[in-house]
Amino acid sequence: MHVFFSVDQRHHGVGRVKYAWDPSGIYLASTGMSRVVHIFNRTGELVDQIVPPSPSICTHLEWGGKSLQLAIAQANSPIVLLWSAATQSTSTVDINLKEITLLRWNKPTEADGSNDTLAIGTSRGHVLLYEASCARLSSAMSKHKRKIVCGDWNTQNEFAFGSEDRQITICAKDGSTIDQVKIKAPPLSIQFGSRDFQKKHILSVNMGGQTILLYDLNERDNALELAFQARYGTIVNYKWFGNGYIIAGFSSGYVVIISTHLNEIGQEQYCAKFHEEYLHAICYNENNGMVATCGDTSIKVVRMADWKEIAVEDLDREATMFDDLNWTCDGRVLSVSCHNGWLHHFKLLHMEQSLSQSLLEDPSSLLSTMGLLRASLHPFTPFVFCVTLLALVVLTLFCMAAILRVDVKELLFALTGFAPEF
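Final position of the sequence shown in the UniProt record's numbering is 422; the numbers increase by one with none missing.
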């Protein structure tokens, strides 16, 4: 793992950095105490700079929409600034309510033909829905008494959001309330998930960092609560993955995988202590199958297929000096922000390295079916692709020779006219 590129204090100023990769991994938006939002491309080249209207710092950066738009919110400002990647121009949305605390784009699909909708939460418990195609702003019917702190859309255009008043509301795209649930602790984060690869209809809520609530929208009377051992500490973050599993990172350094399937509900499938003292951040990427953690004085990257440690990056300061840890969507770049105004992006070389190591340890492994399968499951870099293709050609020649009951040398001569010396 090496530093791919970095963005320093000249852009952000000294202090905390907020950043976000767009869903395609093409654009990076970042901002800091300077309040200017910088847009970079994948290689770190500056594409555009956005100067928000208010003198206060930016509190939220949220990418989304079919047309790839960046929503920007500032402290104590009722204005949401929208930047379009297609036109590299900005527009504004005035919600007439100060202190925006949440921005979330919906997840439209090509099949449903739905439009881009931005959910906007405020410190007063209001949620507004902005439909970008017609610039229409509407309010969710359900009201909360305190700040909206978290929210998530599912692919059915249902939006779930949580408030400091310990209530969760699920509303439709038109703002009508589908359901409202009282929970026992303040919600810290909300995610939709599923026990299969179908539509995501299970709402999961991190309740006070202690337990995870599972609320099935199809079976609302059977809410479940996932509890964890006290020695793990508090839940730092978690993510759904695979076929109904959750990976969670805990403050004491533990990483746990737990099942949500009814026949094994709450059973830990895996548990390991990644950091001795504490874990500060965790993120998982489904495309590369790897989990990255930041804790103690290092960043670790582990491949979940065999729990092999792929990379360790020793930091020159405590992990508490770092904030967000995130992958790009393709899992090729890992980003981490610092309290001093720096934003680092690491690139993994594990694809080439892991394949080269397997060839050195067992050169015949690629000639086996399982060897080919293992190689094909890795992201295809040019080197991996060429070696895999060569192995497939060699394997095909041997199979044809066995079926035709001829020597490989004779078969190669018949196909190419070339007679190699074995």
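The C-beta atom is built at its ideal place from N, Cα and C for all residues, glycine as well.
Alpha helix (DSSP H) segment containing residue 300, residue limits: Counting along the chain, residue 300 falls outside any alpha helix (DSSP H), though it belongs to the beta strand (DSSP E) covering 298 to 303.
Nonlocal neighbours in the same chain, by C-beta distance under 6 Å from residue 5, ignoring five residues either side: Answer for residue 5: 44, 345, listed in chain order.
Of the listed residues 139, 124, 123, 404, nearest to residue 130 (C-alpha basis): With distances taken between Cα atoms, residue 130 lies closest to 139.
Alpha-carbon spacing of residue 92 relative to residue 13, whole angstroms: So the alpha carbons of these two residues sit roughly 25 Å apart.
6 Å Cβ shell around residue 324 - same chain, five flanking residues per side excluded: Apart from sequence neighbours up to five positions away, the residues of its chain that approach residue 324 with a beta-carbon distance below 6 Å are 337, ordered along the chain.
Candidates 42, 246, 409, 101: closest to residue 71 by CA position: Distance check between residue 71 and each of 42, 246, 409, 101 places 101 closest, using alpha-carbon atoms only.
Residues sharing a beta bridge with residue 104, DSSP: Note: residue 104 sits in a beta bridge opposite 119.
Per-residue burial, residue 37 [other beta carbons within 10 Å of its own, 16 or more giving buried]: With 16 or more other Cβ atoms from the protein chains shown falling within 10 Å of its own Cβ, residue 37 counts as buried.
Residue 122 classed as buried or exposed, judged by whether at least 16 other C-beta atoms fall within 10 angstroms: Around the beta carbon of residue 122, 16 or more other beta carbons lie within 10 angstroms, which makes this residue buried.
Entirely enclosed beta strand (DSSP E) segments - the segment 30 to 78, minimum 3 residues: Runs of the beta strand (DSSP E) inside the segment 30 to 78: 37 to 40, 46 to 50, 58 to 64, 69 to 74.
Integer Cβ distance of residue 106 from residue 153, believed to fall under 8 Å: Yes, residue 106 and residue 153 are in contact; Cβ-Cβ is about 4 Å, under 8 Å.
Inter-stretch contact (C-beta, 8 Å, three-pair minimum) for the segment 299 to 312 and the segment 261 to 268: Result no; under three Cβ-Cβ pairs closer than 8 Å.
Beta-carbon gap between residue 258 and residue 272 smaller than 8 Å: Cβ atoms of residue 258 and residue 272: not closer than 8 Å.
Under the three-state DSSP convention, the category residue 280 falls into: Assigned with DSSP and collapsed to three states, residue 280 falls in strand.
Closest by C-alpha distance to residue 143, when choosing among 156, 34, 166, 191: Sorting 156, 34, 166, 191 by C-alpha distance to the C-alpha of residue 143 places 166 at the top.
Within the segment 147 to 184, ranges of the alpha helix (DSSP H) (whole runs, at least 4 residues): Those alpha helix (DSSP H) runs which fall completely within the segment 147 to 184 and span 4+ residues do not exist here.
Option nearest residue 148 by Cα separation, candidates 155, 137, 133, 186: 186 is the residue among 155, 137, 133, 186 whose C-alpha sits nearest the C-alpha of residue 148.
Burial state of residue 134 (16 or more Cβ within 10 Å): Sixteen is the threshold: since fewer than 16 other Cβ atoms of the shown chains lie within 10 Å of the Cβ of residue 134, the residue is exposed.
Ranges of the beta strand (DSSP E) found wholly within the segment 228 to 273, counting only runs of at least 3: Qualifying beta strand (DSSP E) stretches, in chain order: 235 to 241, 245 to 250, 254 to 259, 268 to 273.
Through-space distance from residue 63 to residue 330, alpha-carbon basis: Roughly 16 Å between the two C-alpha positions.
Paired residues, beta bridge with residue 202 - DSSP: DSSP output for residue 202 lists 193, 216 as bridge partner(s).
Local conformation of residue 367 per DSSP, three classes: Note that residue 367 scores a pLDDT of 38, beneath 50, so its modelled location is shaky; the value from the coordinates is reported in the next line. In the structure shown, residue 367 sits in a helix (DSSP, three-state: H, G or I).
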